[in-house]
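Notes follow once the structure below has been shown.
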């Protein structure tokens, strides 16, 4: 069952099975410092302790800190105060839950899961510990004790230098580090130089790679003082060797307070280590230098310390003797780029310049304890550089020369044309990964998971930064295809579909893989987005390099890097999807898409021309309004009208324009949306969507895909492709040719299997083909609960028939009954996966059908009521409606005082838009009216949870309503206003106003009596505090209920249950009659006693009826439930129960006189369980009911709102008992009802099924 559920999916279970049991890190032998191999575990442990104790011990204290003098004062008093203030409990909680709960525990064994689960119990103690540390208390050893786990850096581990020590700290210690890290993080952009891209919010590793590529592209240019040189540096053990004294010196130079320096020093200096060898801890020693790898604050502290080197290198620009890399005059001064310990330095081959660089590096080494690993470092020069120059560079730097490409941050950097060998390491890496899976006996589903989530993710970093030749991607596709179709690299099995077809979405006939060509295009779309919208060192360099004379949206490609060429290809696809919101009008009038239609440069006809005197949007405004005459002068009429009607003029507020990605609701770029927008696509088909049943193993769905496309190695197919052979069906006694139709549909076993499953579902497939039978099964008119199994039956049947064919071909006999059994087993497993709340899932098909038909999810019912505002406050309910979404739209709002009386009600139609925009505009209109009327205490209530979260600052605003949200914020400033959320059931009046405006035009009322009947009813219901019921499916719990889809709702409380348990009453029948009204539908209902003795109402369905000779007869029963119908029935049943409980009405015995029997139609016997259910007949003054037994309970139900809406006069109660109850009912009914002047003489009281929000 576990494999059926998780085996062929991207789950931890699957990947654990593929990797096998994770091997412990057990070094069997290793070399000591003398080069001798040691094998005993105790000797290995002692050597490890010796090695790492020496590595974490400072040999000598640095004495020269000249490099630190280049660091400027960067922190101000206000920032220091924020850094050292006492942490709040909420801040500590955020730190706790921000750490990964599944990460390995420290020496105390407590992982983050424990702290997450027990926060309510231990939160105060942990908070006290954090506060004590910030107040200067030293952490005890049992908190700072850390285990070092040794991870190999390469395949072959010979010495401890080949192992990376990762710190496994106690979680409580990491919480403190996390708090300090989060405080420092927000200030890093102002502290760290632009050249450093690592661990700084808003900076990206990709940009350093791209900038390096742009610089290297011009390596042979501007070499007046000598050839250009690139140094790629590798630092040795950067985290382990950093000097604490140097770190504190840098922090002081940045003007951090001594208190913060003390907090940092307390974190890094008070660390005690043990080493994990073969799962056992060894040693206990204290460090005197270095910061822990794996600690939250360590990357932040490292880049702060490394800032001294960046500042020292940048200071060389002020040295008149320094001649740097041959950069253009317009270029910013760049002589290095860094990402943590990966640094690349740009210089000329001038001897003085190289010596100055080496002096800076030496000063940094002396002060920080860092060492440049000159063996792994390299210098790069153009391949035509004289050997004398090369020798000079190697002599001065002490670093050997390497050939291009430079492998910088995992990507090849080069200056000439792209070569295939530059990308061979990626192909080799993929092949090695495939080789490691050899012999795993993976299913086709397992291979699909590995391709989608492992193999296709491997080239993502490379494709984000470089544009490899098409051959590289095609080669990867070939490897993926060989693995998928042949289970191995170089396999020769037949590929049943091209890889391009396989890379289509499943609804378009593919398998769901993604083409790397499409992914690469989407990733370069992201580069264009970053270039256009996010200022950075890279974007400014590229803009100056390529777009000095022309705007970037029209500049052609002449020469430049391959990256820039690819970006220009993407520009034409996505530039018009970048929307620039008009704020202060700084957007470029002609070259940026601020209208939502695209850049005006491309929209204006050539005969209009481009007025170059207009640069920005604010150039066409006068006094914060549009300059109408000028707009019509420079633009076509349709564009000018669009701007005047749709776009708000720029304001005088100094707010920068914000770009939005129009393909995402939130306005933020996503690679997924870019991929969806630019990918290859085909026509979606329903059949392809039906093949992939959620919850069914991939291998079964995939086989169904092959059957549907006729991609199977059957004899008829082999003949068509050229094989000369005789054909025989291995599954039949009588000789017959093996074909797709015969194998899966016309053979005796296939016929028997199909008939077994489909006949019981009422489906006849006689005379059809295989594809027609499958389609009929998918589209069968069965109840909603059976859709799942009916969709899965074809896949399970053909899968088991195929397994039988293969078994019998190789000598194993499989009977037809065994096939049926296996299909039933698959369907049973599928139902268990998709319906986990079902207590009993039978194996037998007929029983499974019955259980599925009677399965109903347990529903959660919430009472929703409109609330009165406090004295002196006004309550504003708003709503928006859109028919089509987007489509015809309207808004509505109503303002009521503390008594619930109408102050203002408005409904009007707006332009065609979406529900979200309509909701936002309704709130804006309401707030504008309140501001105009100078209402100071406003309670704004909406049924849009999205807008509520946005106004609370929890969610980001979608770009399409950003202007409305900003205006709402402005309108609410300066007043005493609040925004709350209410469910739609409690917002009926505003909803009615919006929908009424769509049907009848604009309305505006200030008096209660001006409202229409339904509006008055909603006002009275709210004033009388009538409950509204919200019904939702409880996904966490389900229940099996009565037959005929009866939904049972028990809302009795504990007292009632106890009372009924002790009661000895034996009443079995109850009834109630009402004054006649008229309608089209009636509910079949009944009541029962539950196990606690409490009364529970059941609703089966709504039945269409007709009236004949004073009787109601069944015309067209609804054999199926749909969601709307079920929700309505649920609402009615709950209303009945709640009404009886709140009013405390005793349901009397049914009348003993005047009973009128109803003639039952043949359909009734199939629909009703006659011992519990009966048809309801309404006459002029009686409610009649009957059953074949004569003693069954009379059906009864009451939906207060819909029932009141249909009343013409007060109810006439048939029995004395109910007449006493009328004193309770009648006042409420009369106050809420809209009473028509006349009513039909012979009408029949039906409970009307009026959908919410529609007119009665």
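In our numbering, the protein residues as written are 41 to 1296.
Where is the CB? At the ideal position from N, CA and C, for every residue including glycine.
Range of the contiguous beta strand (DSSP E) that encloses residue i
{"i": "residue 1021", "result": "1016-1021"}
{"i": "residue 934", "result": "927-936"}
{"i": "residue 268", "result": "268-274"}
{"i": "residue 28", "result": "Since the displayed the chain opens at 41 and closes at 1296, residue 28 lies outside it and no answer follows."}
{"i": "residue 382", "result": "382-388"}
{"i": "residue 587", "result": "Careful: residue 587 lies outside any beta strand (DSSP E) and carries neither H nor E."}
{"i": "residue 447", "result": "446-448"}
Range of the contiguous alpha helix (DSSP H) that encloses residue i
{"i": "residue 185", "result": "Counting along the chain, residue 185 falls outside any alpha helix (DSSP H), though it belongs to the beta strand (DSSP E) covering 185-192."}
{"i": "residue 465", "result": "464-476"}
{"i": "residue 626", "result": "Where residue 626 is concerned, there is no enclosing alpha helix (DSSP H), given that its DSSP letter is neither H nor E."}
{"i": "residue 610", "result": "602-614"}
{"i": "residue 525", "result": "510-526"}
{"i": "residue 839", "result": "827-849"}
{"i": "residue 419", "result": "Taken as a continuous stretch (DSSP letters only), residue 419 belongs to no alpha helix (DSSP H), being part of the beta strand (DSSP E) at 418-420."}
{"i": "residue 212", "result": "211-225"}
{"i": "residue 672", "result": "668-674"}
{"i": "residue 376", "result": "No alpha helix (DSSP H) contains residue 376, which is instead part of the beta strand (DSSP E) from 376-379."}
Closest residue to residue i among the options (Cα-Cα distance)
{"i": "residue 172", "options": "213, 190 and 955", "result": "213"}
{"i": "residue 660", "options": "652, 670 and 420", "result": "670"}
{"i": "residue 822", "options": "662, 789, 893 and 814", "result": "893"}
{"i": "residue 536", "options": "747, 737, 309 and 1005", "result": "747"}
{"i": "residue 260", "options": "798, 682, 365 and 500", "result": "365"}
{"i": "residue 107", "options": "140, 396, 244 and 962", "result": "396"}
{"i": "residue 503", "options": "451, 91 and 169", "result": "451"}
{"i": "residue 1014", "options": "1056, 982, 406 and 967", "result": "967"}
{"i": "residue 486", "options": "267, 737, 652 and 996", "result": "737"}
{"i": "residue 810", "options": "827, 914, 779 and 1053", "result": "779"}
{"i": "residue 507", "options": "463, 1069 and 468", "result": "463"}
{"i": "residue 346", "options": "315, 599, 802 and 400", "result": "400"}
Contact under 8 Å by Cβ, residue i with residue j
{"i": "residue 219", "j": "residue 122", "result": "no"}
{"i": "residue 644", "j": "residue 596", "result": "no"}
{"i": "residue 1016", "j": "residue 977", "result": "yes"}
{"i": "residue 251", "j": "residue 578", "result": "yes"}
{"i": "residue 418", "j": "residue 439", "result": "yes"}
{"i": "residue 784", "j": "residue 790", "result": "yes"}
{"i": "residue 323", "j": "residue 314", "result": "yes"}
{"i": "residue 922", "j": "residue 958", "result": "yes"}
{"i": "residue 206", "j": "residue 379", "result": "no"}
Bridge-paired residues (DSSP) for residue i
{"i": "residue 313", "result": "186 and 325"}
{"i": "residue 979", "result": "915 and 1018"}
{"i": "residue 948", "result": "931"}
{"i": "residue 78", "result": "70"}
{"i": "residue 721", "result": "Looking at the DSSP assignment, residue 721 forms no beta bridge with any residue, so it has no partner."}
{"i": "residue 205", "result": "190"}
{"i": "residue 1068", "result": "904"}
{"i": "residue 656", "result": "628"}
Heavy atom of the ligand COA within 7 Å of residue i beta-carbon
{"i": "residue 879", "result": "Inclusion of the ligand COA in the displayed structure is not the case, the ligand content being empty and no account of it being possible."}
Under 8 Å, with one C-beta from each stretch per pair, do the segment 699-719 and the segment 555-574 reach the 3-pair mark? yes
Check whether the segment 1024-1038 touches the segment 929-948, counting contact only when three or more Cβ pairs, one atom from each stretch, lie closer than 8 Å. yes
So does the segment 604-623 actually touch the segment 711-718, counting three or more Cβ pairs closer than 8 Å? yes
Does the segment 404-422 come into contact with the segment 267-278, if we say contact requires no fewer than three beta-carbon pairs (one atom in each stretch) closer than 8 Å? yes
Okay, do the segment 984-1003 and the segment 1055-1075 touch, 3+ Cβ pairs below 8 Å being the bar? no
Is it true that the segment 536-555 meets the segment 763-770, where meeting means three or more beta-carbon pairs spaced less than 8 Å apart? no
Does the contact criterion of 3 or more C-beta pairs under 8 Å hold for the segment 870-888 versus the segment 838-857? no
Pair every Cβ in the segment 342-358 with every Cβ in the segment 281-292, then say whether three or more of these pairs are closer than 8 Å. yes
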